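Throughout the sequence shown, residue numbering follows the numbering used here, covering 171 to 719 in sequence. Glycine included, every Cβ here is placed at the ideal spot set by N, Cα and C. If you're wondering where the values come from, they're calculated on a predicted model, not measured in any experiment. Accompanying notes for the structure given below.
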Amino acid sequence: MNLLYSNLRSLEKQNRALCERISNAHPNPSATFVETSNGHIVPGVLTQRGLRLLHSRVDPVKEAQRIADRYTSPGTYVFFGLGGGFIMRPFLARASTELIIIIDYDLDSIRAICEHIDMRWLFDDPRTRLLIDENASSVTEACLSYYIPYLHGNLTVVALHQRISMNQSYFTTMYSVLGVFESTVARDTSTQSRFGRRWLKNIIANAGAMPDRMPSGEIVDEFHIIAAGPSLERSIPYIKSVIGGRSGIIATDTSLPLLLHEGISPDYAISIDCQHHSYHHFFGELPDTTILVLSLSSAPSLARRCKRVQFMADGHPFSQYLSQKWCHIPTVDTSGGNVTHSALSLAYQLGAIRVVVHGADFSYPKGKSYARKTYLYPLFHSCQARRTPLESLFTRFILDNQTLTATATSAGISYTNEILTSYKKALEEYASVLPVQCSFFGKEEMRLTRKHIEAAPERIRATTLRSNHSGSWPAFAAGILTLLQNLPYPTGPIIEYVDRLDVAQRDLVTAFLPYCAFAHTHGGTASDIGSRLLARALHEAIELLADQG
Numbered sequence: 171m172n173l174l175y176s177n178l179r180s181l182e183k184q185n186r187a188l189c190e191r192i193s194n195a196h197p198n199p200s201a202t203f204v205e206t207s208n209g210h211i212v213p214g215v216l217t218q219r220g221l222r223l224l225h226s227r228v229d230p231v232k233e234a235q236r237i238a239d240r241y242t243s244p245g246t247y248v249f250f251g252l253g254g255g256f257i258m259r260p261f262l263a264r265a266s267t268e269l270i271i272i273i274d275y276d277l278d279s280i281r282a283i284c285e286h287i288d289m290r291w292l293f294d295d296p297r298t299r300l301l302i303d304e305n306a307s308s309v310t311e312a313c314l315s316y317y318i319p320y321l322h323g324n325l326t327v328v329a330l331h332q333r334i335s336m337n338q339s340y341f342t343t344m345y346s347v348l349g350v351f352e353s354t355v356a357r358d359t360s361t362q363s364r365f366g367r368r369w370l371k372n373i374i375a376n377a378g379a380m381p382d383r384m385p386s387g388e389i390v391d392e393f394h395i396i397a398a399g400p401s402l403e404r405s406i407p408y409i410k411s412v413i414g415g416r417s418g419i420i421a422t423d424t425s426l427p428l429l430l431h432e433g434i435s436p437d438y439a440i441s442i443d444c445q446h447h448s449y450h451h452f453f454g455e456l457p458d459t460t461i462l463v464l465s466l467s468s469a470p471s472l473a474r475r476c477k478r479v480q481f482m483a484d485g486h487p488f489s490q491y492l493s494q495k496w497c498h499i500p501t502v503d504t505s506g507g508n509v510t511h512s513a514l515s516l517a518y519q520l521g522a523i524r525v526v527v528h529g530a531d532f533s534y535p536k537g538k539s540y541a542r543k544t545y546l547y548p549l550f551h552s553c554q555a556r557r558t559p560l561e562s563l564f565t566r567f568i569l570d571n572q573t574l575t576a577t578a579t580s581a582g583i584s585y586t587n588e589i590l591t592s593y594k595k596a597l598e599e600y601a602s603v604l605p606v607q608c609s610f611f612g613k614e615e616m617r618l619t620r621k622h623i624e625a626a627p628e629r630i631r632a633t634t635l636r637s638n639h640s641g642s643w644p645a646f647a648a649g650i651l652t653l654l655q656n657l658p659y660p661t662g663p664i665i666e667y668v669d670r671l672d673v674a675q676r677d678l679v680t681a682f683l684p685y686c687a688f689a690h691t692h693g694g695t696a697s698d699i700g701s702r703l704l705a706r707a708l709h710e711a712i713e714l715l716a717d718q719g
């Protein structure tokens, strides 16, 4: 029992919940332990066919080393089966191993192992993560919290075959889960690697342009959110009818050209796009009464298009860092990946009780991409030629997506793709947990199921939707620059490096992690991961901050 206590004390440092679950488990009576001639304890299981050991009875250390010699790439290793921990030791002996994740089942067997084998060396290593009796969703959630691909390298599965043979269905499921997880993470990483530098440059530039006092609008209970899908054309008469009443209008950037053409002046316009082409939505002059809401990651050129600008923090960690350390900037939810999602977040924070969403089709009904007068129409009109007429440009815009699917509806054929479907799902999920009555104009099929709300997001009324600076931006930027320059040089496995930092240093490093994704795919090599990549990314971030801060 003393060995169990020592093992659990070590495990508690990284996973208290699992430690308690193992402590409350009962040792598996089928678990058996055999001592080898050189003194190692090998776990096994008594079955109807006799004793099945998880490692070599002769020399489990040499067996583990032979297995490890097959895997030479740096990065992250996922082990199917804990066993006696022999197989993990040679991997953890390498500085190139950034992270190991151990997946196994049966808490009772794990408790028996902890009672008989000293696992402290494994549990004490900060690179170790242990997942026992977890289902598919909890394994995915845990891996999302542990694993950053551009820092921790590629995932490689190492199987303890004796353990897998005891429950093949469980480990087959886990293998499939990891495959889906890798695909999901790859898409997110691709976005970060594409925009990582642009996000950082935009945040720095927008922070420098932030006014001392943010504008605030009139408090209303109902907001109409205007997206730019084809169905918006049918909503225009209704939207005009509510102007001047006790309803507010939040326009997404893509819908602005049509609204302004129709003489509709929104109370708010919102844009979260970091790319310069978002400028196309703002060729028309915004009314003086409209407040332009921008995420800190938005293109800085947009702030110059409007007299009343409200900056919001977004999900980027550097944006959150500024909100926490410099001045409190209200946060807009950008997790849905599209501006309609963020507009709903803004409406809630402005005090909305009811929200009506217009033009959120998340599809191409009858092959139509956007409402007329939105930015694609003048853009494609200027690009058309005799061999590339307008129709072919719009058709190519829709058909270029490899995941396009067609669905027959009462109104005709509607096309959609994986991205649009994910946007719709995220918006419906978000709307269902907000304490706001949300409906979609003219879309009976988009009915929301209300969920139990344990804790709603922070609400900021319109009268307090402003920022209070704690010092000038140049002074704060100079302070960040000094902190970055004084960071210990990154060496060794990234997890060990982060553990050596104090809280303030760790927060600062976290703020620049998305830039690491950009640095990983620009100017480096495939072997640039972990501390080596972080060192280069921080150096480039220092240069950016020095140039723009």
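Apart from sequence neighbours up to five positions away, the residues of its chain that approach histidine 322 with a beta-carbon distance below 6 Å are Thr246, Glu268 and Leu269, ordered along the chain. In this structure, DSSP gives isoleucine 318 a state outside helix and strand, which the three-state scheme calls coil. If you draw a straight line from the Cα of serine 552 to the Cα of leucine 560, it comes to about 9 Å.
Per DSSP, the continuous beta strand (DSSP E) segment holding methionine 482 begins and ends at 479-482.
Under DSSP, arginine 368 forms no beta bridge with any residue.
Closest by C-alpha distance to serine 505, out of Ser493, His498, Ser465 and Leu178, is Ser465. The beta-carbon distance between leucine 653 and leucine 678, rounded to whole angstroms, is 6 Å. This is short enough to meet the 8 Å contact definition. Going by beta carbons, alanine 265 and proline 197 fall outside the 8 Å limit. In the three-state reduction of the DSSP assignment, threonine 424 falls in the helix class. Each of Arg524, Asn571, Ala187 and Asp669 was checked against the Cα of alanine 601, and the nearest Cα belongs to Arg524.
By the neighbour-count criterion, in which a residue is buried when 16 or more other Cβ atoms sit within 10 angstroms of its Cβ, threonine 575 is exposed.
Under DSSP, serine 417 takes part in a beta bridge, and its partners are Glu392. Contiguous alpha helix (DSSP H) elements confined to the segment 675-715 occur at 683-691, taking only those with 4 or more residues.
Along the segment 475-542, the alpha helix (DSSP H) occurs as fully enclosed runs of 4 or more residues at 487-495 and 509-519, listed in sequence order. If you draw a straight line from the Cα of tyrosine 545 to the Cα of serine 425, it is about 8 Å long. Rounded to whole angstroms, the separation of the alpha carbons of isoleucine 461 and glycine 414 is 16 Å. By the neighbour-count definition (other C-beta atoms within 10 Å, threshold 16), tryptophan 369 is a buried residue. With fewer than 16 other beta carbons inside 10 angstroms of its own, arginine 542 counts as exposed. Collapsing the DSSP output to three states places glutamate 588 in a helix. According to the DSSP assignment, tyrosine 408 belongs to the alpha helix (DSSP H) that extends over 402-412. The Cβ atoms of phenylalanine 488 and alanine 681 lie closer than 8 Å to each other. Going by beta carbons, serine 512 and valine 502 fall inside the 8 Å limit.
The alpha-carbon of aspartate 276 is positioned some 7 Å away from that of isoleucine 302.
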